[in-house]
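Since the structure comes first, as structure tokens, the remarks are kept for the end.
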Amino acid sequence: MPPSRKIAGKTTFQDDWLQVPEFKFIRRKEGDPYSAHCSLCMKTFGLSNMGRQAVVSHVEGKKHTGKFKNCTGSYGMQLFTTQKEKESSALPASAGPTAAETDPGVATADRATLNSAATSGELTAASGELTASLRPAGGTTEAPHGLSHWIQREEVTRAEIIWCLASVLHHVSQSAAGQCISLLPFMLPDSQIASKLQLGRTKIGYVINHGLGPFFHDVVVRKAMESDFVTAFFDESLNKSSQNTQMDFAIGFWDNETNRFSVRYFSSAFLGHTTAEDLLDAFLKQLKPAFFKKLLNVSMDGPNVNLKLIKDLEVEMKAKNHPEDPLFLYMGSCGLHVVNGGFKTGAKSAGWGIVNVLRSMYNFFKNVPSRRHDYIVFSKSKNFPLKFCAVRWLHNAAVAERAIAILPNLEKYVEGVRKAKKEKNVTTPSYETIKTALKDNLLTSKLAFFASIANMLEPFLTEFQSDKPMAPFLFCSLEGVLTDLMKIFVKKKVLAENNDLHKVDLSDDKNLITAKDISLSFSFSVKDALMKSKATELEKLQFKNDCRTFLKSLCTKLLEKSPLAYGLCRGISCLDPGLIGSRQRGSTTISVRLRLALSQFVERKWLSSRQCDQITKEFLDLVGTRAIHDECKDFDRRVKRLDDFWMQILSEKRCSQDLKLFVKLCLGLSHGNASLERGFSVNREVEVENQKNDSLVAQRQVYDGVMAAGGIQSVKITKEMISKVRLSRSEYMSSLEERRRESEKTDQERLKNKRLTDQIHELQEKRRKVTADLEKQKSSIDDEIAILCAQKT
Numbered sequence: 005m006p007p008s009r010k011i012a013g014k015t016t017f018q019d020d021w022l023q024v025p026e027f028k029f030i031r032r033k034e035g036d037p038y039s040a041h042c043s044l045c046m047k048t049f050g051l052s053n054m055g056r057q058a059v060v061s062h063v064e065g066k067k068h069t070g071k072f073k074n075c076t077g078s079y080g081m082q083l084f085t086t087q088k089e090k091e092s093s094a095l096p097a098s099a100g101p102t103a104a105e106t107d108p109g110v111a112t113a114d115r116a117t118l119n120s121a122a123t124s125g126e127l128t129a130a131s132g133e134l135t136a137s138l139r140p141a142g143g144t145t146e147a148p149h150g151l152s153h154w155i156q157r158e159e160v161t162r163a164e165i166i167w168c169l170a171s172v173l174h175h176v177s178q179s180a181a182g183q184c185i186s187l188l189p190f191m192l193p194d195s196q197i198a199s200k201l202q203l204g205r206t207k208i209g210y211v212i213n214h215g216l217g218p219f220f221h222d223v224v225v226r227k228a229m230e231s232d233f234v235t236a237f238f239d240e241s242l243n244k245s246s247q248n249t250q251m252d253f254a255i256g257f258w259d260n261e262t263n264r265f266s267v268r269y270f271s272s273a274f275l276g277h278t279t280a281e282d283l284l285d286a287f288l289k290q291l292k293p294a295f296f297k298k299l300l301n302v303s304m305d306g307p308n309v310n311l312k313l314i315k316d317l318e319v320e321m322k323a324k325n326h327p328e329d330p331l332f333l334y335m336g337s338c339g340l341h342v343v344n345g346g347f348k349t350g351a352k353s354a355g356w357g358i359v360n361v362l363r364s365m366y367n368f369f370k371n372v373p374s375r376r377h378d379y380i381v382f383s384k385s386k387n388f389p390l391k392f393c394a395v396r397w398l399h400n401a402a403v404a405e406r407a408i409a410i411l412p413n414l415e416k417y418v419e420g421v422r423k424a425k426k427e428k429n430v431t432t433p434s435y436e437t438i439k440t441a442l443k444d445n446l447l448t449s450k451l452a453f454f455a456s457i458a459n460m461l462e463p464f465l466t467e468f469q470s471d472k473p474m475a476p477f478l479f480c481s482l483e484g485v486l487t488d489l490m491k492i493f494v495k496k497k498v499l500a501e502n503n504d505l506h507k508v509d510l511s512d513d514k515n516l517i518t519a520k521d522i523s524l525s526f527s528f529s530v531k532d533a534l535m536k537s538k539a540t541e542l543e544k545l546q547f548k549n550d551c552r553t554f555l556k557s558l559c560t561k562l563l564e565k566s567p568l569a570y571g572l573c574r575g576i577s578c579l580d581p582g583l584i585g586s587r588q589r590g591s592t593t594i595s596v597r598l599r600l601a602l603s604q605f606v607e608r609k610w611l612s613s614r615q616c617d618q619i620t621k622e623f624l625d626l627v628g629t630r631a632i633h634d635e636c637k638d639f640d641r642r643v644k645r646l647d648d649f650w651m652q653i654l655s656e657k658r659c660s661q662d663l664k665l666f667v668k669l670c671l672g673l674s675h676g677n678a679s680l681e682r683g684f685s686v687n688r689e690v691e692v693e694n695q696k697n698d699s700l701v702a703q704r705q706v707y708d709g710v711m712a713a714g715g716i717q718s719v720k721i722t723k724e725m726i727s728k729v730r731l732s733r734s735e736y737m738s739s740l741e742e743r744r745r746e747s748e749k750t751d752q753e754r755l756k757n758k759r760l761t762d763q764i765h766e767l768q769e770k771r772r773k774v775t776a777d778l779e780k781q782k783s784s785i786d787d788e789i790a791i792l793c794a795q796k797t
């Protein structure tokens, strides 16, 4: 080989290098004789004064060898060509440039792949080995190759993913799902995909736990990281399978892909104790550290332990974050829990025992065929009491209404049992409660009042059990409910003089209507039941006084515990279209509430004073226009989401990013914990005996991902998801290996502790023997001393 020619200290490219097998990707750089071009790396490098050694250094470099291994180890373009095309495409390097090099329409990256596939003999050989490995052992049939095989492999994986998604969505056990899929080849004998499905119980398990679950979790994390803020939700419930407290976490964030606020399940922690310290520790471990720098709000129910958690969390964040980092906003505990709890408090304060009566009615006939048969015989009716739930108070109006409807039937049943002399067979606490209640002349009136108040609260409880952004509606809705309740027992003059309901002192009887003057006309059912009752006037007066006590306790609880007590809740109502479109409120109310909300965001360092000045002017100018006023007036929150409404307006009017940020922050505040409450039902469906905690979390993540997409048909099975699923087995094997190491470590520690325990026992036994010998010696010496003393005397 002739030496490289040097000109002015530089080496020129030699055509002889093109014949060297190791240099098959090296090309001459047109117009530059002092450089070479690598078609694999798509890189031009100078020869300098190194000559051939410069080419050798590049070929032996880490990047070049890595790309060469990737090409020879993957399907590459070999899958998209027939064997004849592969043979004809394996041209010698000296044959000149390929079509990919001369065609300007071929992308640079694709050109590199085409070049490497056309010039690499090793790549062709590797593909041949791959094709050979796909042939059945001992068979002569040629294995599928080319594009059709690649597509079929993708479709098989897609089918397996869909089957796993369906098993999670419909809460099918992994064992049953694995057994059912084995029937598909028999049901669809002409389907190549069905014949290639390989999903047993174990594979379904690791595809869900190490593939689909982490994939959907990563999607949530990525979207949350792209958002300007994160809202955290948490709640606890008993996991009956593991007998631990399961602390579920969800996060809310602004989804930039849909331009909406989204609430998604995140993870779960499993605890033995649930002190504030335990909850805080789980909270800090489960959420990503980056989330705490943009934590907007924490949503929870109202136990004191959770309130302490919030205080401790703020202290923790102040200690760890930068002083200029924003702090989370607090708007009280879940409004749904407060309303539920207030209703329960009111019912209990009345002293009627309605809860016990309703529970006894249902439990007495539950799972007892003989009693149900006698009830049907005696009453000639098949309408039985409905189940009363002490935790979920949403449907208890229907329970009370059913109880009113079947009271005559219960009276017939009690009388029938008495006449048939069967009372000794049904004597239970529930039966005694029913008998006592039926003797109450005002039972129907009490049940009617209970149902009427429940019906007044249920529209609020129903509407706000939504994942849509509802926080700006919270103040006006709660204020409306509270106003309706107060109108029954608070004097009209007092309500007219106090625009702020918090200024009404319910503890002062001067502000309340007397029991005698309370009108029950707000409910025809209560009024009618009271008129038809056989109660005396004194009993009716006491009933009205109890009703006032019921309402007073309920309203007091709402005023003290609900989000109404927080200025932020009042402030963000400036985004309520109903308030903007109302003629009664006016622009002054909007301005006052806007400034109240902005002051909270400035105080907690979410917005600067300069931003607030710009937002105030821009927002008031926007809502002051006739067009926006009309749009707000026509807005129906039962049909359209609030985030869609405002994002459409802000985009059409080309509003500033500061105003958009303010609107997003307001919409991102939590209005309740309903999403986590619904998750408890999913937990019960997913739970099975001896289930690993990680498995439950993964299934919840998959279930949430499918529901967020709108169903299995709407789930986009991307290349990333397929890749994650294909890697799930290796992740599964790694987890098994880690568990094995942990088990070995535990066993070693156990053996070490056993050895130490045995040594301690040996030493203790040795000490006992030594001590016994010493005692004998001591006793012998004492005896000798005694003898000598006796002789001395």
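Those letters in the sequence shown? Residues 5 to 797, by the working numbering.
Even glycine gets a Cβ: it sits at the ideal position worked out from N, Cα and C.
The structure displayed is predicted, hence computed values, not measured ones.
Ordered along the chain, which non-local residues of its own chain (more than five positions away) have a Cβ less than 7 Å from that of residue i?
i           : result
residue 225 : 292
residue 11  : Confidence at residue 11 is low in this model, with a pLDDT of 49, below 50, so the placement of that residue is unreliable and no value is reported for it.
residue 4   : Residue coverage of the chain in this structure runs from 5 to 797, which leaves residue 4 outside it and unanswerable.
residue 339 : 468, 478, 482, 566, 567, 675 and 676
residue 282 : 275
residue 542 : none
In whole angstroms, what is the alpha-carbon distance linking residue i and residue j?
i           : j           : result
residue 356 : residue 450 : 8 Å
residue 276 : residue 720 : 38 Å
residue 383 : residue 310 : 49 Å
residue 374 : residue 368 : 11 Å
residue 783 : residue 765 : 27 Å
residue 22  : residue 157 : 38 Å
residue 700 : residue 718 : 23 Å
residue 475 : residue 620 : 20 Å
residue 722 : residue 262 : 18 Å
For residue i, which residues in the same chain have their Cβ closer than 8 Å to its Cβ, ignoring the five residues on either side in sequence?
i           : result
residue 360 : 437
residue 322 : 331
residue 531 : 524 and 525
Kindly list the residues whose CB is nearer than 6 Å to the CB of residue i, restricted to its own chain and excluding five residues on each side of it in sequence; keep chain order.
i           : result
residue 288 : none
residue 145 : Confidence in residue 145 is poor, its pLDDT being 39 and thus under 50, which makes the residue's placement unreliable; the coordinate value appears in the next sentence. So the list is empty, once near-sequence residues are dropped.
residue 650 : 667
residue 799 : What the structure shows of the chain is the stretch from 5 to 797, and residue 799 is not part of that stretch, so it cannot be assessed.
residue 137 : Caution is warranted here: a pLDDT of 36 is assigned to residue 137, below 50, making its placement in the model unreliable, and the coordinate value is therefore given only provisionally. Cβ within range, chain order: n/a, list empty.
residue 329 : 297
residue 422 : none
residue 243 : 250
residue 17  : 32, 37 and 40
residue 695 : 245
Which residue marks the beginning of the beta strand (DSSP E) containing residue i, and which one marks its end?
i           : result
residue 47  : 47-50
residue 251 : 248-259
residue 284 : It is not in any beta strand (DSSP E) - residue 284 instead sits in the alpha helix (DSSP H) that spans 280-290.
residue 242 : 234-243
Starting from residue i and walking both ways along the alpha helix (DSSP H), at which residues does that stretch end?
i           : result
residue 38  : Where residue 38 is concerned, there is no enclosing alpha helix (DSSP H), given that its DSSP letter is neither H nor E.
residue 353 : 339-354
residue 273 : Counting along the chain, residue 273 falls outside any alpha helix (DSSP H), though it belongs to the beta strand (DSSP E) covering 264-275.
residue 616 : 613-627
residue 362 : 358-369
residue 219 : 217-230
Is there a C-beta anywhere in chain B that falls below 8 Å from the one on residue i?
i           : result
residue 261 : No chain B is present in this structure, which holds just one protein chain.
Following a CB-centred definition, is residue i positioned closer than 7 Å to any heavy atom of the ligand SAM?
i          : result
residue 73 : The ligand SAM is absent from the structure shown, which contains no ligand whatsoever.
Just list the alpha helix (DSSP H) runs in the stretch 557-608, keeping only unbroken ones of 4 residues or longer that don't cross its boundaries, in chain order.
-> For the stretch 557-608, whole alpha helix (DSSP H) runs of length 4 or above, ordered along the chain, are 571-575, 581-584 and 590-607.
Can you list the alpha helix (DSSP H) stretches of 4 or more residues lying completely in the stretch 670-738, in chain order?
-> At a cut-off of 4 residues, the continuous stretches assigned as alpha helix (DSSP H) that sit fully inside the stretch 670-738 are 678-690, 697-713 and 723-730.
Considering only residues of the stretch 398-477, which uninterrupted beta strand (DSSP E) runs meet the minimum length of 3 residues and lie entirely inside it, listed in chain order?
-> Entirely contained in the stretch 398-477, not one beta strand (DSSP E) run reaches 3 residues.
Contact the stretch 327-339 vs the stretch 604-616: 3+ CB pairs below 8 Å | Segment contact: the stretch 327-339 against the stretch 604-616, three or more CB-CB distances shorter than 8 Å; contact assigned.
Complete alpha helix (DSSP H) runs within the stretch 298-343 (minimum length 4 residues, chain order) = If we require 4 residues or more, the alpha helix (DSSP H) runs fully inside the stretch 298-343 come out as 308-324.
For the stretch 181-201 against the stretch 630-639, are there 3 or more C-beta pairs whose distance is under 8 Å?
-> Under the 8 Å Cβ criterion, the stretch 181-201 does not count as touching the stretch 630-639, having fewer than three qualifying pairs.
Contact the stretch 205-225 vs the stretch 300-317: 3+ CB pairs below 8 Å | The answer is no - the stretch 300-317 does not touch the stretch 205-225, with fewer than three Cβ pairs under 8 Å.
The stretch 181-190 / the stretch 222-237 touching (three or more Cβ pairs under 8 Å) = Between the stretch 181-190 and the stretch 222-237, the count of C-beta pairs closer than 8 Å stays below three; the two stretches do not touch.
Decide if the stretch 452-471 is in contact with the stretch 339-349; the criterion is three or more beta carbon pairs, one per stretch, under 8 Å apart.
-> The stretch 339-349 and the stretch 452-471 touch, with three or more beta-carbon pairs separated by less than 8 Å.
Should the stretch 251-263 be regarded as contacting the stretch 753-764, the criterion being three or more beta carbon pairs within less than 8 Å?
-> No, the stretch 251-263 is not in contact with the stretch 753-764.
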